[in-house]
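See below for the structure under consideration.
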Amino acid sequence: MANSCTGLLSLSASALIVLLIVMEHLTRDSMASAMAVTKGNEETFEYFMFSQEWPYTFCTENEPSCNNTDKLVPIFNIHGLWPEKVKGDCQGEFNYSQLKPVESQLRKYWMDLLNPRGNPKDFWNHEYTKNGRCASVDSRFNSTLKYFQSALSIYLKYNVTQFLKSAGIVPGSTSYKASKIVEAVNSAFGYKPEIDCFAPGKKHGEKSKPAYLAELRICFSKDLTPRECESSGREVPQPRHSAHTLYYDPELPRSFHREAEANVYSPIKMSRSVKNLIASWIETERPTAVSERKRIWTSPCKDDEDVQLPEKLNY
């Protein structure tokens with residue numbers, strides 16, 4: 067009898083241990099799932115900023131860096147589709163092979179303006195690594211193909227070149243007030259764009275020259291419908307007017323990128339953590355065409371500024 071009791075006690079103790087182990091694993095799994103859900107809710111973004119460049123302005127500003135400029139046409143070229151108010155780290159890798167179904171359209175509407183006849187793979191890789199990965203937290207944009215398809219969808223559905231033409235604003239030597247360009251887009255989209263101008267007079271010392279429209283940005287909700295921009299609250303500022311494009315190391319947390327980019331013109335303000343990691347911050351001298359994209363003489367257009375959409379290069 068005593069042996070039987072001892073056996074039962076041993077069996078009960080073993081069962082209890084097994085039960086505790088199972089419960090521990092279940093608890094861990096539940097906690098991990100809860101953390102994953104919480105993390106998924108936090109790592110997102112609020113909306114997109116869609117940026118388009120005027121090709122002849124870009125190459126006029128960046129001469130002699132642009133090559134094969136006979137490929138340029140007087141329509142807007144996609145610069146990027148930028149997730150705004152990003153929370154969390156950006157994940158994913160650029161997969162060039164996924165772009166085969168849309169590559170012909172991308173070569174037409176999302177060219178590397180520095181070399182329109184070349185292979186734009188590096189430029190697209192740069193845009194995806196810097197921006198597309200941050201949209202991948204949403205299942206609608208969680209692949210290289212989905213991200214670029216979304217940009218093309220916006221570009222083709224909301225044809226800014228055509229909207230401006232309908233408002234009487236056409237490429238050529240005619241000047242228009244910047245405010246007229248803004249209002250034309252506002253009438254078509256229901257929201258005002260941000261526009262940047264290039265001042266060729268500043269570059270060549272001729273103050274009387276009109277400005278050229280350089281870049282136009284419109285914001286979109288995640289369902290790809292127009293919405294208001296919130297530039298004053300941007301968490302991931304774009305280096306639009308720096309002398310060089312800033313590059314991101316995808317292995318570093320996005321919080322580092324934000325702080326480094328926000329303080330790139332004021333090194334004294336940079337925290338110790340940023341200074342310790344600065345060796346990993348990549349800027350300007352990467353030996354690819356993308357590193358030569360410069361915006362030295364470009365700034366936000368003034369409402370009363372005379373602006374042209376050049377249809378040829380003006381060096």
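If you number the sequence shown the way the working numbering does, the last residue is 381 and the count never jumps.
C-beta atoms are modelled at their ideal positions from N, C-alpha and C, and glycine is treated no differently.
Contact belief for residue i with residue j at Cβ below 8 Å, rounded distance in angstroms
i      : j      : result
Asp370 : Ser245 : 7 Å
Arg199 : Gln157 : 6 Å
Asn252 : Lys258 : 5 Å
Close Cβ partners of residue i (< 7 Å) along its chain, the five nearest in sequence each way excluded
i      : result
Ser287 : Tyr113 and Arg293
Trp148 : Phe114, Met115, Ser117, Asn197 and Gln304
Ile141 : Thr227
Ala250 : Phe229, Leu230, Ala233 and Ile235
Status (buried if at least 16 other CB within 10 Å, exposed otherwise) for residue i
i      : result
Asp136 : exposed
Arg183 : exposed
Ser202 : buried
Pro167 : exposed
Gly256 : exposed
Lys196 : buried
Thr210 : buried
Leu222 : exposed
Residues near residue i in its chain [Cβ-Cβ closer than 6 Å; skip 5 each side]
i      : result
Tyr278 : Thr123, Phe264, Gln374 and Pro376
Glu119 : Asn143, His145 and Glu281
Tyr162 : Lys187
Thr126 : Leu379 and Asn380
DSSP-derived helix/strand/coil call for residue i
i      : result
Pro292 : strand
Lys105 : Residue confidence is low: Lys105 scores 42 on pLDDT, short of 50, so the model does not pin down where it sits. Its coordinate-derived value is still stated next. In the structure shown, Lys105 sits in a helix (DSSP, three-state: H, G or I).
Tyr175 : helix
Ala280 : strand
Gly146 : strand
Ser241 : coil
Cys125 : helix
Residue of the options minimising C-alpha distance to residue i
i      : options                           : result
Lys378 : Val248, Trp363 and Gly238         : Gly238
Pro121 : Leu138, Glu129 and Asn134         : Leu138
Gln171 : Leu218, Gly267, Val251 and Ile235 : Leu218
Trp363 : Asn128, Lys231, Met115 and Ser117 : Asn128
Gln213 : Asn225, Glu150, Glu193 and Val251 : Position check: residue 213 holds Tyr in this sequence, whereas Gln was assumed. Out of Asn225, Glu150, Glu193 and Val251, Glu193 has the C-alpha closest to the C-alpha of Tyr213.
Asn191 : Arg206, Glu159 and Ser365         : Glu159
Asp262 : Arg283, Lys153 and Ala254         : Arg283
Thr291 : Gln215, Asp155 and Ile220         : Ile220
Sequence-distant residues of its chain with Cβ nearer than 8 Å to residue i (five each side left out)
i      : result
Asp204 : Thr110, Phe111 and Lys288
Ser241 : Pro276, Asp372, Val373 and Gln374
Val236 : Leu230 and Leu375
Ser365 : Asp262, Cys263, Ala265 and His307
Asn134 : Asn181, Pro182, Arg183 and Gly184
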